[in-house]
Amino acid sequence: MEDSAAVAGRLWDEWLPLSVRRLIAGALPGGELDARRLVVWLAGVHDIGKATPAFACQVEQLAQVMRGHGLQMRSRQAMGADRRLAPHGLAGQVLLGEWLEEQHGWTVKQTGQFTVAVGGHHGVPPEHGQIQALDRHPHLLSTHGPSQTLWKQVQEELLDACADEFGVREHLAAWRAVKLPQPVQVLLSALVIVSDWIASNPDLFPYFPEDVPRTSAERIAAAWRGLDLLGPWRAKEPAGDVQELFASRFDLPPGAKVRPVQEAAVELARGMDEPGLMVIEAPMGEGKTEAALAAVEVLAARSGAGGVFFALPTMATGNAMFPRLLDWLDRLPAPKGARYSVLLAHSKAALNDDFADLMRNSRRIAAVDVDGPEEREWRPSSRSRSAATELVAHAWLRGRKKAMLSSFVTGTVDQLLFAGLKSRHLAMRHLAIAGKVVVIDEAHAYDTYMSVYLDRVLSWLGAYRVPVVVLSATLPAGRRRELAEAYAGKATGEATDSFDAVAQAGDYPLLTAVTPGGTPTMRRPAASARSTDVELEQLDDDMDALADRLETELAEGGSVLVVRNTVRRVLEAAAALRERFGDANVTVAHSCFIDVDRAAKDAGLLKRFGPPGKADDRPRAAHIVVASQVAEQSLDVDFDLLVTDLAPVDLLLQRMGRLHRHQRGGEEQTDRPQRLRQARCLITGVNWNAPVPAPVRGSLAVYGEYALLRSAAALLPHLDGDREHPVGLPADISPLVQRAYADGSDGPSDWAEALETARARHEERRADQAERAATFRLDTAARPGRPLFGWIAAGVGDADDTREGRAQVRDSRESLEVVVVQRRADGTLATVPWLEPDRSGRPLAGLPLPTDQVPTALAARTAASCGLRLPIQFSYADVMDRALDELEELYIPAWQVKGSHWLAGQLILQLDEDCQTHLAGFHLRYSKSDGLEVTRA
-19 MEDSAAVAGR LWDEWLPLSV RRLIAGALPG GELDARRLVV WLAGVHDIGK
31 ATPAFACQVE QLAQVMRGHG LQMRSRQAMG ADRRLAPHGL AGQVLLGEWL
81 EEQHGWTVKQ TGQFTVAVGG HHGVPPEHGQ IQALDRHPHL LSTHGPSQTL
131 WKQVQEELLD ACADEFGVRE HLAAWRAVKL PQPVQVLLSA LVIVSDWIAS
181 NPDLFPYFPE DVPRTSAERI AAAWRGLDLL GPWRAKEPAG DVQELFASRF
231 DLPPGAKVRP VQEAAVELAR GMDEPGLMVI EAPMGEGKTE AALAAVEVLA
281 ARSGAGGVFF ALPTMATGNA MFPRLLDWLD RLPAPKGARY SVLLAHSKAA
331 LNDDFADLMR NSRRIAAVDV DGPEEREWRP SSRSRSAATE LVAHAWLRGR
381 KKAMLSSFVT GTVDQLLFAG LKSRHLAMRH LAIAGKVVVI DEAHAYDTYM
431 SVYLDRVLSW LGAYRVPVVV LSATLPAGRR RELAEAYAGK ATGEATDSFD
481 AVAQAGDYPL LTAVTPGGTP TMRRPAASAR STDVELEQLD DDMDALADRL
531 ETELAEGGSV LVVRNTVRRV LEAAAALRER FGDANVTVAH SCFIDVDRAA
581 KDAGLLKRFG PPGKADDRPR AAHIVVASQV AEQSLDVDFD LLVTDLAPVD
631 LLLQRMGRLH RHQRGGEEQT DRPQRLRQAR CLITGVNWNA PVPAPVRGSL
681 AVYGEYALLR SAAALLPHLD GDREHPVGLP ADISPLVQRA YADGSDGPSD
731 WAEALETARA RHEERRADQA ERAATFRLDT AARPGRPLFG WIAAGVGDAD
781 DTREGRAQVR DSRESLEVVV VQRRADGTLA TVPWLEPDRS GRPLAGLPLP
831 TDQVPTALAA RTAASCGLRL PIQFSYADVM DRALDELEEL YIPAWQVKGS
881 HWLAGQLILQ LDEDCQTHLA GFHLRYSKSD GLEVTRA
């Protein structure tokens, strides 16, 4: 009890961000002093439930000693199943409540909001039914008969001592009038959990009598030094003009000027009444990320936030953002010797080279990583498999439930959405985000299912007064309003007009800001001077037509990006184009590559097609990149011509952002081939000759007919290839997006019936998504004073970065992830044979993977870097079950031990010497150039 209380005091004084301290302090009459007392006291009394017969009976030898002092209790066996009605957290909640009522005159309604932090300190606040069940079994808290009075006396003595020791006795009367907001109750619960976890670590707090003789102060001081928990970021609002700020924080090219949207973001952050939500809508390549980070520094300084969480839609975008975050951190002003905890938050973070380097090297930023699977037997059919990890610089902040407490986090948006999912230890996730500024990138990329969770998380972020920056190049106006209302609260009365204006605004770029409970304001900065006109043209969905057209367009050389909506169409197009242009002139990029190959593909594309001055290997001859949606986001690549399947209009615009992205030879683009100096986009993947455009089946499966037809209708005025009607970037971005996503079915009259039928199916699917997402969605914060009882009732249990966990916040089928290895002719296993040496020159190809022992660390990590997510064919229940049964036959027990943290819990897919295999009725073939090809066996 004393150790937990002492830890809570240190956490409050040295670790907790100022913003969190302010929020808790604002609910109490004595401000921050009261808040600290309350946190310390709750941590000190959190285990009072152990002073009960239901808990004490567990160790008979110790129970007998207590009986010798008059504290009678039945044996554990005699109590039977009833004992489960009194877990010590719930028992402590009840005892503390009774003490407040009997000794200090509180009512039942007043106690719960305080005592729930004790009841929920193992991750789940008690439900009303559990409380009522324990009320019907009082003998579990104090044995009936002569010793009942003694049990009560012991419990009251302990609680009296804590009230005196932690200085709350004289404040309890004033606290009776307090109504704690539910966000404050959540934070108090989380702080009790953290204090308990630290104080329960025997390495920091040795058990008596093993501990050396020392005072309590010496004991906590030694433990705190051993823990070495890094304090929060303490941002100071940057002085000077915006140009100076950007020049000092970012690696700007010589002579570069801050763009209007970047300047507006900083000025808006400085001018808000209090930090709140900011939505930045600006074109691709306009510097939204830098604008967000500059605004973050201002918002953190003004709010007292102690860190940043940068949420992105995919692991690939998270990996791309991570080094940019590190560069920004290195340029931030910091006291000498300051260190920050940093996390790359996704299931394969430990395989990221930048993160791995950070863990190995000593610098003022300390790395944090998620821990591996729990110690239990694992089989391929296990649904709780998670990616393996490696030891990190700050040992205590490892763990799926603790890692997000790091100050600076880059990761997938799933980690944020989990905060809206009823799950065990949810309070820890809330504590992790409550003290940060949250940045949400690519906000247009989230479907209805994910948006249900995102909106609920935004409502809690508003309740915590967390500053949020949302970024998008293509955000529908209606979605803009939904985001603002989710954060600020549903508009009523006159405020409705302000939110209506947000939903009707067609300006671009556009900045929208709103504070919790406030009304939104908008800023309309000018676009940067550079613009691009893109001529659109229909192209028949025919391989010969595609090859013939590209042969004409590339007569003088040049680079073409061909984007297909499915991996199957990528591979089919690549095969046809190689017959015409040769293997060396066609590159494939899609999601079905092993991780290490996918990273190499991205790096290769940047090296050849990246920005001028950074890309040093741009092909002089004709070259074609055939890619899936992986080309839409995160890669700063630049092509002379774009060919794309029809897609929702916002995604098409993202793809157009890879076309003439940079000036090559000035505004006239004179460094590009003569035929390709005008930006052009050819749209295929659809039968344009049908009465109503008919998208190919794969596109329908991915996006649905309604979104595709609305996209085609919005683009129709531009689709004749007429130079008089190009798509102007950025001028036409917002009008096209708003037209494609506006209410009603916009399109030619002869499309009306098809559009209405497609719309009905679309609305039915959206309603189904929203209904299913709401099943485990957290409720909004209830009125102040209402206890958190049942806060996560009917939840999902633990939520983490497993395939099952991710499926809880994304409306996608569960997918199988495997580690790809090769089985040699002699039956032994090895890493795949085409891998390049690592940064230190160590060979990685063909490393032995013995099956009778744990492979070497290098071989195991290399194998783990060859992870592969199997395509959708393996996501159907019957196929997945069959695949798991077959993978069970490849189960390697020697790799499931504690020392095998890279390979324990992984599904192993063994390729033969020709890099082929069979699985669940499919033939699988893998190549470094084309990735995974799947055909029916």
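The sequence shown begins at -19 in this note's numbering and counts up by one.
In this text, a Cβ means the ideal position worked out from N, Cα and C, and glycines have one as well.
Inter-residue spacing [alpha-carbon to alpha-carbon] between residue i and residue j
{"i": "D832", "j": "A874", "result": "6 angstroms"}
{"i": "T369", "j": "L209", "result": "Confidence is the limiting factor: at T369 the pLDDT is only 24, short of 50, which leaves the residue's position unreliable, though a coordinate-based value still follows. If you take the alpha carbons of T369 and L209, they lie about 21 angstroms apart."}
{"i": "E198", "j": "R1", "result": "26 angstroms"}
{"i": "K89", "j": "F769", "result": "12 angstroms"}
{"i": "N341", "j": "K416", "result": "With a pLDDT of 49 at N341, under the threshold of 50, the predicted position of this residue should be treated as unreliable, though the coordinate-derived value follows. Using only the alpha carbons, I get a separation of about 25 angstroms."}
{"i": "L51", "j": "H881", "result": "46 angstroms"}
{"i": "H26", "j": "E12", "result": "21 angstroms"}
{"i": "K908", "j": "V322", "result": "33 angstroms"}
{"i": "N669", "j": "E247", "result": "51 angstroms"}
{"i": "P313", "j": "E816", "result": "38 angstroms"}
{"i": "I345", "j": "P315", "result": "Below a pLDDT of 50, predicted positions are generally treated as unreliable, and I345, at 40, falls in that range; no measurement from the model is reported."}
{"i": "T915", "j": "A711", "result": "44 angstroms"}
{"i": "G911", "j": "C37", "result": "60 angstroms"}
{"i": "T512", "j": "A659", "result": "7 angstroms"}
{"i": "R16", "j": "V(-13)", "result": "12 angstroms"}
{"i": "A884", "j": "A154", "result": "54 angstroms"}
Closest Cα partner of residue i within the set the options
{"i": "Q57", "options": "L51, G48, A43 and L434", "result": "A43"}
{"i": "R822", "options": "G885, I772 and R841", "result": "R841"}
{"i": "V432", "options": "A399, D487 and L696", "result": "A399"}
{"i": "F35", "options": "G765, A(-14) and A71", "result": "A71"}
{"i": "A761", "options": "A468, A15, P456 and S55", "result": "A468"}
{"i": "G99", "options": "T811, A595 and S169", "result": "S169"}
{"i": "M993", "options": "L65, E40, A61 and R64", "result": "With the chain covering only -19 through 917, there is no way to say anything about residue 993."}
{"i": "H326", "options": "T269, V389, A272 and S511", "result": "V389"}
{"i": "H570", "options": "L225, D597 and L615", "result": "L615"}
{"i": "I200", "options": "G220, A219, E217 and A179", "result": "A179"}
{"i": "A750", "options": "S508, L586, L(-9) and Y429", "result": "Y429"}
{"i": "T755", "options": "G724, Q788 and R766", "result": "Q788"}
{"i": "A202", "options": "Q223, K159 and D(-17)", "result": "D(-17)"}
{"i": "V617", "options": "R588, V623, K316 and L22", "result": "R588"}
{"i": "H49", "options": "A262, E743 and Q133", "result": "Q133"}
{"i": "Q718", "options": "A453, A245, T129 and R548", "result": "A453"}
{"i": "W800", "options": "R660, T664 and L848", "result": "What sits at residue 800 in the sequence shown is Val, not Trp. The option with the nearest alpha carbon to V800 is L848."}
{"i": "L455", "options": "T91, A720 and G584", "result": "A720"}
{"i": "T532", "options": "R510, F561, N545 and V547", "result": "F561"}
Those residues which DSSP pairs with residue i across a bridge
{"i": "L662", "result": "E517 and V623"}
{"i": "N299", "result": "Beta-bridge pairing links N299 to no other residue."}
{"i": "H898", "result": "H903"}
{"i": "L912", "result": "Y906"}
{"i": "I420", "result": "A291 and V450"}
{"i": "F388", "result": "V288 and V322"}
{"i": "N667", "result": "A674"}
{"i": "Q802", "result": "A810 and L891"}
{"i": "S87", "result": "Per the sequence presented here, residue 87 reads as Thr, with Ser not at that position. DSSP lists no partner for T87."}
Cutoff 8 angstroms: residue i Cβ touching any chain B Cβ
{"i": "R529", "result": "In summary, chain B is missing from the structure at hand, where a single protein chain is found."}
_Can you confirm whether the region 272 to 290 touches the region 210 to 229 when touching is taken to mean that 3 or more C-beta pairs between the two stretches lie within less than 8 angstroms?_
yes
_Touch test, the region 232 to 251 against the region 385 to 397, Cβ-Cβ under 8 angstroms, three pairs minimum_ = no
*Would you call the region 706 to 716 and the region 724 to 734 touching, i.e. three or more CB-CB distances under 8 angstroms?*
no
_the region 466 to 484 in contact with the region 812 to 830 per 3-pair CB rule at 8 angstroms_ = no
*Inspect the CB distances between the region 514 to 533 and the region 251 to 270 and report whether three or more fall short of 8 angstroms.*
no
*Does the count of Cβ pairs from the region 159 to 175 and the region 404 to 420 closer than 8 angstroms reach three?*
yes
*Are at least three pairs of beta-carbons, each pair with one atom in the region -14 to 4 and one in the region 103 to 112, less than 8 angstroms apart?*
no
*Could you tell me whether the region 624 to 631 touches the region 479 to 487, using the rule of 3 or more Cβ pairs below 8 angstroms?*
no
*Between the region 71 to 86 and the region 134 to 143, do at least 3 Cβ pairs fall closer than 8 angstroms?*
yes
*Would you list, in sequence order, the uninterrupted beta strand (DSSP E) runs of no fewer than 3 residues that lie entirely inside the region 824 to 862?*
847 to 849
*Are the region 650 to 659 and the region 667 to 686 touching, with three or more C-beta to C-beta distances below 8 angstroms?*
no
*Does the count of Cβ pairs from the region 638 to 647 and the region 567 to 581 closer than 8 angstroms reach three?*
no
*Just list the alpha helix (DSSP H) runs in the region 226 to 296, keeping only unbroken ones of 4 residues or longer that don't cross its boundaries, in chain order.*
240 to 251 and 268 to 283
*At a cut of 8 angstroms, does the region 513 to 520 reach the region 687 to 699 through at least three beta carbon pairs?*
yes
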